[in-house]
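Residue numbers (UniProt numbering): 1 to 269. Report on one structure; see the data block that follows.
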């Protein structure tokens with residue numbers, strides 16, 4: 001049970017939104033990392049339609065990655081007719097790992113999250129150099145549960161897919177004629193060998209979408225296993241800090257004449 005959408009109309013609306021946002025920022029175009037997955041492929045296609053293919057640059061940024069992912073990224077770029085550049089960051093990653101503090105025990109996830117943060121640094125370097133904005137590729141499901149790296153693949157200047165569940169991104173991919181092998185591919189974040197999104201999340205995207213949809217629209221969840229619902233709610237709570245700006249300490253400055261403060265922060269002196 002999901003919402004019914006006119007995907008052709010929705011894609012056109014997103015493209016108008018992208019064009020208006022890029023124009024309002026006085027940016028020359030969009031750069032984004034092309035992972036070889038469906039989300040980045042759809043984002044690239046929407047941007048190319050909105051801005052013209054000559055104003056979109058895709059980056060292949062492998063770090064100990066599956067060769068097929070890079071081939072799929074090339075396929076997407078070629079099909080869309082957008083420029084594509086490759087920067088293999090594997091050696092950079094390995095050299096960085098060598099100089100990390102030796103007295104801190106290595107954590108697999110912390111090490112893996114260096115990869116999307118290196119990619120983010122590279123994409124923003126290119127974006128700033130060209131006067132381009134960085135396109136985000138997060139969808140509603142992944143953003144809601146925090147399935148992204150903070151200040152890594154979660155860093156972007158705009159997020160065209162943020163309101164769409166994963167199944168809806170798949171439908172738009174078909175409207176945009178994204179190659180079937182990309183649409184049907186098992187999503188992976190490329191963090192380590194044989195890693196898949198669904199394996200790491202602990203449930204399928206259709207189930208995750210369904211639970212999130214019902215939570216978002218205040219619908220009954222009684223027919224879904226309680227442990228799955230509780231798992232999603234727990235992930236959403238844990239991810240709250242990822243979807244907010246860092247909190248500020250608030251200082252309140254008192255005037256000399258009356259006991260009233262000027263809001264500048266959270267303590268008074």
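We put the beta carbon where it would ideally sit given N, CA and C, even for glycine.
If you compare alpha carbons, which of the options is closest to residue i?
i: residue 112; options: 102, 64 and 199; result: 64
i: residue 146; options: 235, 4, 163 and 184; result: 235
i: residue 204; options: 37, 186, 104 and 95; result: 186
i: residue 122; options: 139, 88 and 16; result: 88
i: residue 42; options: 27, 26, 25 and 18; result: 18
i: residue 93; options: 157, 103, 110 and 85; result: 110
i: residue 50; options: 25, 102, 208 and 21; result: 21
i: residue 163; options: 179, 157, 144 and 181; result: 144
i: residue 29; options: 13, 243, 75 and 47; result: 47
i: residue 208; options: 200, 218, 232 and 15; result: 232
i: residue 180; options: 25, 7, 12 and 37; result: 37
i: residue 161; options: 178, 177 and 141; result: 141
i: residue 76; options: 247, 86 and 178; result: 178
i: residue 85; options: 5, 35 and 102; result: 35
i: residue 1; options: 214, 102, 31 and 250; result: 214
i: residue 158; options: 239, 11 and 31; result: 31
Taking all protein chains shown into account, decide if residue i is buried (16 or more other Cβ within 10 angstroms of its Cβ) or exposed.
i: residue 137; result: buried
i: residue 3; result: exposed
i: residue 269; result: With a pLDDT of 47 at residue 269, under the threshold of 50, the modelled position of this residue cannot be trusted, and the question is left open.
i: residue 188; result: buried
i: residue 125; result: exposed
i: residue 119; result: buried
i: residue 197; result: buried
i: residue 8; result: exposed
i: residue 72; result: buried
i: residue 270; result: Any answer about residue 270 is impossible in this case: the structure gives the chain only from 1 up to 269.
i: residue 45; result: buried
i: residue 27; result: buried
i: residue 210; result: buried
i: residue 25; result: exposed
i: residue 271; result: Absent from the model: residue 271. The displayed extent of the chain is 1 to 269, so no value can be given.
Since residue i contacts residue j with CB under 8 angstroms, what's their CB separation in whole angstroms?
i: residue 61; j: residue 33; result: 5 angstroms
i: residue 221; j: residue 165; result: Not a contact, Cβ separation roughly 16 angstroms.
i: residue 169; j: residue 39; result: 6 angstroms
i: residue 156; j: residue 134; result: 5 angstroms
i: residue 206; j: residue 167; result: 6 angstroms
Could you tell me which whole beta strand (DSSP E) segments of length 3 or greater appear in the segment 180-266?
251-254 and 261-265
Under 8 angstroms, with one C-beta from each stretch per pair, do the segment 49-62 and the segment 123-134 reach the 3-pair mark?
yes
State whether the segment 37-56 contacts the segment 71-91, with contact taken as three or more CB pairs (one from each stretch) at a distance under 8 angstroms.
yes
Any contact between the segment 223-230 and the segment 164-174? By contact I mean 3 or more CB pairs, one from each, below 8 angstroms.
no
Take every Cβ of the segment 150-165, pair it with every Cβ of the segment 93-103, and state whether three or more of those distances are shorter than 8 angstroms.
no
In chain order, each alpha helix (DSSP H) run of at least 4 residues that lies wholly inside the segment 127-175:
140-145 and 166-175
Could you tell me which whole alpha helix (DSSP H) segments of length 4 or greater appear in the segment 65-105?
67-80 and 90-98
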